[in-house]
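To start, the structure itself, in structure tokens.
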Amino acid sequence: MATAVATNQTILVVGGGVSGMTAALEAAECGKEVVLVESSATLGGRTASLYRYFPKLCHPVCGLEINLRRLRGNRSVRVLTLAEVTAVSGTRGDFTVTVKRSPRYVNRNCTACGACAQAVSAEIPNPWNYGLDRLKAAYLPHAMAYPQRYVLDPSIIGTPDAEKARAACKYDAIDLGMQAETLELKVGAIVWATGWRPYDAAKIQPYGYGRFPNVITSVEFERLADPHGPSGGKILRPSDGKLAKNVAFVQCAGSRDENHLRHCSRICCMASLKQTQYVREAFGEGAQSTVYYIDIRAIDRFEDFYARVQRDPTVKFVKSKVARIAEDQATRDPILHGVDTEGYRRYASRHDLVVLAIGMEPSVRGADIPAEVVADSSGFIDAAADGAAVFGAGCATNALDVNRSVQNATAAALRAIQVVNRAARAES
Amino acid sequence: MPTALNEQALARYRNDFLREVEERVDEGGWVKMCMQCGVCAGSCPFGPHWEHSPQKIFMMIRAGKREEVLASDSMWMCTSCYNCVVRCPRKLPITTIMHGLATYAHRLGLAPKRQPTRDFSVIFWENFTRNGRANEIRLMLRLWFRDGFGAGIRKALAMKEVGLGMLRAKRMSPFEIFGGHGVKDVKGFQAMIRKAQEIEDRKRGFSK
Chain A
461 MATAVATNQT ILVVGGGVSG MTAALEAAEC GKEVVLVESS ATLGGRTASL
511 YRYFPKLCHP VCGLEINLRR LRGNRSVRVL TLAEVTAVSG TRGDFTVTVK
561 RSPRYVNRNC TACGACAQAV SAEIPNPWNY GLDRLKAAYL PHAMAYPQRY
611 VLDPSIIGTP DAEKARAACK YDAIDLGMQA ETLELKVGAI VWATGWRPYD
661 AAKIQPYGYG RFPNVITSVE FERLADPHGP SGGKILRPSD GKLAKNVAFV
711 QCAGSRDENH LRHCSRICCM ASLKQTQYVR EAFGEGAQST VYYIDIRAID
761 RFEDFYARVQ RDPTVKFVKS KVARIAEDQA TRDPILHGVD TEGYRRYASR
811 HDLVVLAIGM EPSVRGADIP AEVVADSSGF IDAAADGAAV FGAGCATNAL
861 DVNRSVQNAT AAALRAIQVV NRAARAES
Chain B
25 MPTALNEQAL ARYRNDFLRE VEERVDEGGW VKMCMQCGVC AGSCPFGPHW
75 EHSPQKIFMM IRAGKREEVL ASDSMWMCTS CYNCVVRCPR KLPITTIMHG
125 LATYAHRLGL APKRQPTRDF SVIFWENFTR NGRANEIRLM LRLWFRDGFG
175 AGIRKALAMK EVGLGMLRAK RMSPFEIFGG HGVKDVKGFQ AMIRKAQEIE
225 DRKRGFSK
């Protein structure tokens, strides 16, 4: 399984989120050989952790399901999970890529029965839920995980827990002797789709994230609303587990700010508008959402969704960037302070829960990418120059929503195909 | 004299107050960068006591509300805490602009009369440019007695302990009332101030 056959006509896709999966599948369905490298234990990326998509409010599992089916039906894509690209050498049409694979400690025999998780007692913060809850150190990343195979957290290796997990497995699927390994692959073109990560909200000091339990980020709120999330889909506030019916959404948390992220993260306006509808879905007319914004950037067809949310009587809009957040120590209610731009009225508004519409930054900044790329001041990959063969895709290139990421990844796949086609012609 | 400067400015900039601020106010070129998010207004510890917050003043400048801005006492309320500057997402030097607006309004004679910060600034400037050192006792006396003799006596009595403490610690001498100490080369110091003012006037378009 460690040997992935690859030639200079193979396309390497780095990152198994929706962009990487799309680029890999589009190239593979054109008949190209593809190696898809993913650093976590499952494909799906951040898209898989969303509760619903905007603007149609459908569930991402649906799109993910389609992509996974395409993947299972295609023999040209080799998927390497828990794998990271550490070095790239060579040139267009002739790259040598070094990939480091971390051990999963679970082999192909795994049936995802869950006996190992029951046997293990150690718990780790659940990365899938941004650490909002804990799970056993032998775990399936999430219900839609691909491959459907458990993982042992490295922290229990060498402890009695690891032995317990091995003993509990009826299928001889746990292999505690697995070691990290390094592979070298020959590839002709590279699609770099390492996606994004939420900006560190604790750096926005006046907002109190990390100090006030009832100030959370939009990605965490997404998990709270999800039935597979830490609260089973109930919108509970972290301090006391009470229902959070009065929710504030603070836009541009980190974005469009010279002190934090210079760029507009683009998705946050629509994400917050969407999340107001989660509150409404949970509490009906008893819901109260307030969106604090500089300006709402609901571009082109999303304008309709914005108009719909504006008509919703449970949603209020305050044109103001919140200056600071304080906390009522008795109730732990967050209190938002600022001045609104439409009338310059000073407010101090109390809410049950504050959701910071957190900005997007590239999860691997341009300068840290081992291949030769040109990046902008935010670390996003710029359009490839003529003669290049490392193509950015999805959120590695810009702050994009899922729809635009998929379009962008398809374009990157096409560029990669052109490179390997030329390599093939040169050899024949 | 101040009104003549004001007439000159009006003739020169007509209704383009933004351009006037850009050219004549310290860091005024930043005003157009404001995106009206309101973080400065919400971060100001003096916020509730201003008539116009910085955010509002920037919008008023863009809207050409010249009289309202220059005659307002808002920019005189700035305590230079720099909260707004560190939080501004566009990194506007708000504190500097506020002081720049105040200076400009004073220069044109439009700043509010008897505004305490303005009065203090004028008294302080005259006090220390005389011989290059602040003269504590004269500064205090002029400040306290600006509201009349009775008010001055009351203020002096209220501040008695502080004054005595300063005397004991040799931070203030009662003999300074007769002129006090100064820098070694007072004439040179004053020439330097005059030169700086001349350069500033040229830069701001007050002289050719």
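Taken in sequence, the protein lines are chains A and B.
So in the working numbering, the last one in the first sequence is 888, and the numbering has no gaps at all.
So in the working numbering, the last one in the second sequence is 232, and the numbering has no gaps at all.
We put the beta carbon where it would ideally sit given N, CA and C, even for glycine.
Model, not experiment: these values are computed from the prediction.
| query | result |
| --- | --- |
| Option in 663(A), 469(A) and 478(A) with minimal Cα separation from residue 491(A) | 469(A) |
| Contact belief for residue 539(A) with residue 496(A) at Cβ below 8 Å, rounded distance in angstroms | 5 Å |
| Given 8 Å, three or more beta-carbon pairs between the segment 862–874 of chain A and the segment 663–677 of chain A | no |
| Chain B contacts from the segment 758–786 of chain A (Cβ-Cβ distance under 9 Å) | 779, 780, 781, 782, 783 and 784 |
| Classification of residue 935(A) by the beta-carbon crowding that lies within 10 angstroms, buried from 16 upward | Past the edges of chain A, shown from 461 to 888, lies residue 935(A), and the structure says nothing about it. |
| 6 Å CB neighbourhood of residue 171(B) in its chain, flanking five on each side removed | none |
| Nearest residue (CA-CA) to residue 699(A), options 681(A), 832(A) and 791(A) | 791(A) |
| 9 Å Cβ cutoff, residue 66(B) in contact with chain A | yes |
| Closer than 8 Å: residue 637(A) CB and nearest the ligand SAH heavy atom | What this structure holds is no ligand at all, so the ligand SAH is not there to describe. |
| Stretch-stretch touch, CB-based, cutoff 8 Å, three pairs: the segment 502–514 of chain A with the segment 597–606 of chain A | yes |
| Own chain, CB closer than 6 Å to residue 39(B), minus 5 neighbours either side, in chain order | 88 |
| N- and C-terminal bounds of the beta strand (DSSP E) containing residue 561(A) | 554–561 |
| C-beta contact flag for residue 562(A) and residue 584(A) at 9 Å | no |
| Residue 134(B) versus 93(B), 156(B), 35(B) and 152(B), residue with shortest Cα-Cα distance | 93(B) |
| Segment limits, alpha helix (DSSP H) that includes residue 650(A) | Premise fails: residue 650(A) lies in the beta strand (DSSP E), 649–652, not in any alpha helix (DSSP H). |
| Under 9 Å between C-beta atoms of residue 799(A) and residue 750(A) | no |
| CA nearest to the CA of residue 139(B), picked from 96(B), 124(B) and 158(B) | 96(B) |
| Per-residue DSSP class, three states only, for residue 263(B) | There is simply no residue 263(B) to check, as chain B begins at 25 and stops at 232 in what is shown. |
| Buried versus exposed, by CB contacts within 10 Å (16 or more), residue 783(A) | buried |
| 3 or more residues per run - each beta strand (DSSP E) lying fully within the segment 576–645 of chain A | 583–585 and 594–596 |
| DSSP three-state assignment for residue 197(B), whether helix, strand or coil | coil |
| Backbone secondary structure at residue 51(B) - three-state DSSP | coil |
| Residue 547(A) beta carbon less than 9 Å from that of residue 849(A) | no |
| Under 9 Å from the C-beta of residue 718(A): neighbouring residues of chain B | 112, 113, 114 and 115 |
| Strand pairing of residue 202(B), partner residues [DSSP] | Looking at the DSSP assignment, residue 202(B) forms no beta bridge with any residue, so it has no partner. |
| CB contact below 9 Å: residue 69(B) versus chain A | no |
| 7 Å Cβ shell around residue 30(B) - same chain, five flanking residues per side excluded | 132, 133 and 134 |
| Residue 855(A) beta carbon less than 9 Å from that of residue 618(A) | no |
| Test item: CB-CB of residue 204(B) and residue 166(B) under 9 Å | no |
| Partners in chain B for residue 797(A), counting only beta-carbon separations shorter than 7 Å | 66 |
| Min CB distance residue 59(B) to chain A below 9 Å | yes |
| Distance CB(residue 814(A))-CB(residue 785(A)) smaller than 9 Å | yes |
| Counterpart residues of residue 656(A) in DSSP-defined beta bridges | 822(A) |
| Residue from 42(B), 197(B), 110(B) and 86(B) whose Cα sits closest to the Cα of residue 666(A) | 110(B) |
| Contained alpha helix (DSSP H) runs [length at least 4] in the segment 792–876 of chain A, N- to C-terminal order | none |
| Partner residues on chain A for residue 62(B), Cβ-Cβ distance less than 9 Å | 754, 779, 780, 781, 782, 783, 798, 799, 800, 801 and 804 |
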